[in-house]
Amino acid sequence: MKCPNCGAKYKGRKCPECGRHTDPKLEAQRNTKIALLVVVLIIVAVIAYNLIASMLYYNGLMDALHNILHS
Numbered sequence: 004m005k006c007p008n009c010g011a012k013y014k015g016r017k018c019p020e021c022g023r024h025t026d027p028k029l030e031a032q033r034n035t036k037i038a039l040l041v042v043v044l045i046i047v048a049v050i051a052y053n054l055i056a057s058m059l060y061y062n063g064l065m066d067a068l069h070n071i072l073h074s
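Numbering (the working numbering), first residue to last: 4 to 74.
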């Protein structure tokens with residue numbers, strides 16, 4: 004078999020030269036795993052941003068309240 008990516012001749016489902024899968028199921032599974040990882044990383048980043056922003060907001064309110072009460 005000849006690899007459509009690099010042109011190397013090989014037998015099996017994966018090119019030993021470039022690592023490309025010739026089995027569409029394996030390629031689809033790989034793409035699904037990458038997409039899922041990206042989605043999880045985006046969700047974690049959004050949650051972390053919201054937690055940090057909330058913490059900073061409430062710390063600012065507490066500082067303002069402390070200054071008002073002790074002035």
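Cβ atoms here follow ideal geometry from the backbone N, Cα and C, with glycine treated the same way.
Start-to-end residues for the alpha helix (DSSP H) that takes in residue i
i   : result
Y52 : 27-72
Local conformation of residue i per DSSP, three classes
i   : result
K14 : coil
Contact with chain B by residue i, beta-carbon distance below 8 angstroms
i   : result
L44 : Considering every chain present, this structure includes no chain B. It has just one protein chain.
Contacts around residue i, its chain only, beta-carbon distance under 7 angstroms, and the 5 residues preceding and following it disregarded
i   : result
E20 : C6, C9, A11
Contacting residues, own chain, Cβ-Cβ under 6 angstroms from residue i (five flanking each side not counted)
i   : result
E30 : H24
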